[in-house]
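Below is one structure; the comments refer to it alone.
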Amino acid sequence: MLDFFEQQDSAKRRSLKWLLLYLLGLALVSGLTGLLFLAAFSTSFWRGGSVQLLLGASAASLGAMLLFCAFRYLSLLQGGRKVAEALGARPVLPAPEDPLERRFANVVAEMAIAAGLPMPGLYLQEQEPGINAFAAGHTLNDAVICVTRGALQALSRDELQAVVGHEFSHILNGDMRLNLRLTAGLYGLVGLGQLGRQLWHGGNSRRGRGGRGTLLGLGLMLLGYVGQQWGRLMRAAVSRQREFLADAAAVQFARQPLALANALKKVGGHQYASLIFHRAGEEYSHLFFCQGLGSTFSGLFATHPPLAERIRRLDPAWDGRYLAPDPADPAPEHPSRAEVTSQWLKEAPVSAALAGALAIAQGTTPPPKSAEPRLLETDPDGWLAVLPADKVTAARDPWLARQLIFALLLDGDETVRRRQLANLTRAEEVEALATPLTQAGERLALLELCLPALRQLSPQQYKAFRDDLLQLMMADGRLAISEWLAYRLLTHQLDSHFGRRAAPLVRFHKPAQLTDELTALLSALAQQLASPQAPAERLFGLACNQLGLYRQQLQPEPSVTELARAVSQLQQASEPLRRRVLQTLSKLIALDRQVSEVELEWFHLLAICLDCPIPAPRLGPGGP
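Just so you know, we're using the working numbering here: the sequence shown kicks off at 16 and counts up by one.
What follows is the structure, encoded as structure tokens:
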């Protein structure tokens with residue numbers, strides 16, 4: 016099985032040398048800038064002044080460039096939608112009327128649920144005729160995926176799914192955050208050149224002739240230009256390393272290497288290739304699926320590997336001929352792999368609806384050979400057809416999505432249910448959506464599917480929904496763990512969108528720093544997983560030993576308040592620590608070699624709330 020985090024670490028190591036070279040260039044430009052300042056304004060320097068003056072001026076120039084970087088980085092922290100808007104993209108509605116946009120929304124929803132990732136925002140570059148796409152965002156919860164109109168028109172459903180899988184891999188591998196940092200880092204060098212340009216024009220306008228300030232401006236413009244080219248060179252080198260990783264991971268998601276290869280072949284055969292015409296295209300060129308710039312940015316300045324090299328890695332038998340893309344039919348003529356998966360999931364046993372999709376997407380569990388699935392007729396929704404049609408329709412409407420979530424969380428006790436419905440507006444809609452679910456994993460999938468529609472709410476509407484949801488869950492006077500997990504999932508992904516939660520700072524790096532929180536979390540999980548063959552005490556002890564927490568005692572079942580505090584503190588742990596905790600939980604869940612729906616839901620929710628997507632525990636025989 017492909018370990019995404021191992022691949023991520025490998026890619027980071029390969030990228031590290033280029034990042035170090037970028038920092039070396041930044042230090043060199045700072046030193047030359049300091050020298051330029053002293054040469055222009057310090058007469059003592061020319062008479063053999065101390066080195067301290069040079070170091071001080073260099074440090075000041077470095078500080079100025081870092082301020083430029085910080086300013087740009089803070090502006091990018093507003094989320095992926097700001098990047099999409101800067102590139103002229105518009106949001107795609109949760110239930111678009113355009114069949115091509117609807118197919119795009121369906122494909123992204125499928126991939127998000129299958130990959131165990133939050134549903135990203137969707138954007139479309141309407142005026143771009145070339146074939147391209149990108150993912151942007153600072154965290155998993157503010158990520159967006161954007162495609163060009165040319166990509167929707169030229170690519171088949173399978174090819175679009177492969178391209179979306181490529182962008183999902185950028186989200187999963189942490190490339191979004193790296194890309195934003197590269198953009199901000201380059202802006203520091205751009206800012207130096209802009210400062211020089213202001214000095215140059217300001218000096219000329221005041222005196223009508225060159226002076227020290229004017230010459231200093233000219234020097235800064237030159238240094239800014241050289242530094243900017245160096246930064247672009249390093250940014251392109253880092254970006255090329257990440258694209259190969261994304262191509263490999265896209266095959267893991269879509270399970271169709273030729274689909275991605277064919278998408279790349281269509282790029283090569285398209286009239287506009289993958290060109291981006293928007294004026295901000297150069298600044299964000301490293302984000303795109305394919306090279307978005309002209310031949311000027313080829314070779315060392317290319318942000319993507321050569322198209323032919325990428326294709327041959329995916330299709331070694333390629334004959335070198337590109338494909339002329341025809342306008343894609345919104346509904347494929349033949350059943351796709353997604354449709355085959357859809358029918359298999361319908362016939363699969365307990366917990367396969369979500370976990371089977373995860374396993375197939377990650378290459379861990381193929382469909383059983385004994386199954387002879389009957390192919391579905393052409394179905395543009397792929398395996399979303401597994402979910403009840405009325406609930407899928409409701410999940411894409413901002414009002415009905417709220418009603419659907421209320422329906423999914425109604426209590427099984429009739430008395431409590433009546434009390435819940437009495438406090439809701441238009442309760443008849445909630446009751447109509449409260450029909451029983453027949454497939455395992457459907458509740459979790461529907462909760463995720465509601466997110467794009469809920470992002471369309473106003474801040475006031477979201478606050479009212481949040482309050483109503485909490486009131487509904489507390490109608491029986493207590494908050495069950497399963498209810499709290501669903502509430503946590505929704506608020507974790509939506510609060511940041513509505514500006515109610517900032518990204519947490521990293522405060523913890525070792526399990527010992529979170530002993531109380533981990534003890535509470537492991538106690539709750541051990542008691543949920545306990546069986547006569549594996550009592551809670553044994554499960555708890557095994558998990559503690561995995562994390563190096565010795566001599567801890569199993570606690571009585573923790574309250575929701577204790578669990579909330581534990582998860583909140585874990586969100587402030589470093590990524591390696593969060594990953595280690597989740598891997599420990601995965602081993603614990605798979606200890607009995609069977610993974611139930613409840614166990615998988617626990618794991619999935621915790622992984623999302625910790626912003627640490629990780630392959631789910633394996634199903635059936637095989638264990639860890």
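Quick reminder that beta carbons are idealized off the backbone N, C-alpha and C, glycines included. Given the structure is predicted, the values throughout are model-derived calculations rather than measurements.
A distance below 9 Å separates the beta carbons of Val159 and Ala151. Cα atoms of Glu125 and Ala410: separation of roughly 14 Å, rounded to the nearest angstrom. Contact between the region 473-489 and the region 138-157 is absent, with fewer than three C-beta pairs closer than 8 Å.
Minimum Cα-Cα distance from Leu237 among the listed residues Ala169, Thr163, Thr506, Leu47 corresponds to Leu47.
Around Ser589, the same chain offers Val521, Phe523, His524 as residues with beta carbons nearer than 8 Å, after the five sequence neighbours per side are excluded.
Contact between Pro106 and Leu137 holds, with the beta-carbon distance rounding to 7 Å and staying under 8 Å. Arg327 and Ala274 have their C-alpha atoms roughly 13 Å apart.
One Cα belongs to Ser611, the other to Leu302, and the distance between them is close to 38 Å. Just measuring C-alpha positions, the residue of Ser538, Leu51, Glu572 sitting nearest Gly556 is Ser538. Below 8 Å, enough C-beta pairs join the region 524-533 and the region 563-574 to call them touching: three or more. Exposed is the label assigned to Phe86, since fewer than 16 other Cβ atoms lie within 10 Å of its Cβ. A contact between stretches requires three or more CB pairs, one per stretch, nearer than 8 Å, and the region 447-464 meets this requirement with the region 412-422.
The C-beta separation of His619 from Leu459 comes to about 6 Å, placing the pair in contact by the 8 Å criterion.
For Thr163, the enclosing beta strand (DSSP E) covers residues 159-163. Leu597 places its beta carbon less than 9 Å from that of Leu621. Distance from the CA of Phe183 to the CA of Glu324, rounded to the nearest whole angstrom, comes to 21 Å. Exclusion of the five residues before and after Ala265 leaves Ala177, Gly180, His181, Ser184, Leu275 as the residues of its chain whose Cβ lies within less than 6 Å of its Cβ. Looking at the backbone, the Cα of Arg247 and that of Ala42 are separated by about 16 Å.
The beta carbon of Ala101 sits closer than 7 Å to the beta carbons of Ala295 from its chain, once the five residues preceding and following it are set aside; these are given in chain order. Annotated as distal: Leu585 and Leu504, with beta-carbon spacing of 9 Å or more. Going by DSSP, Tyr287 is part of no alpha helix (DSSP H) at all; its letter is neither H nor E. When rounded, the separation of the alpha-carbon atoms in Arg257 and Leu536 is 35 Å. For Tyr138, there is no enclosing alpha helix (DSSP H); the residue is found in the beta strand (DSSP E) stretching over 136-140. CA-to-CA, the gap between Leu544 and His507 works out to about 25 Å. Across the structure, Cys627 and Ala581 are spaced so that their CA atoms are roughly 16 Å apart. Rounded to the nearest whole angstrom, the CA to CA distance from Ala120 to Met488 is 30 Å.
With a cutoff of 9 Å on beta-carbon distance, His153 and Ser254 are scored as not near each other. For Phe304, there is no enclosing alpha helix (DSSP H), as DSSP gives it neither H nor E. Residue burial is scored here from C-beta neighbours: Glu498 has at least 16 other C-beta atoms within 10 angstroms and is therefore classed as buried. The C-beta of Ser171 has 16 or more other C-beta atoms within 10 Å across all chains shown, which makes the residue buried.
Note that the C-beta distance between Leu139 and Glu116 is below 9 Å.
Going by DSSP, Phe149 is part of the beta strand (DSSP E) stretching over 148-151. Short of 7 Å from the beta carbon of Ala551, and not among the five residues preceding or following it, lie these beta carbons of its own chain, in chain order: Ala541, Gln542, Ala545, Leu569.
By a beta-carbon distance limit of 8 Å, Asn188 does not contact Leu132. Their separation comes to about 11 Å. Of all alpha-carbon atoms in Glu298, Cys305, Ser300, the one lying nearest the alpha-carbon of Leu279 is that of Cys305. Sixteen is the threshold: since fewer than 16 other Cβ atoms of the shown chains lie within 10 Å of the Cβ of Arg433, the residue is exposed.
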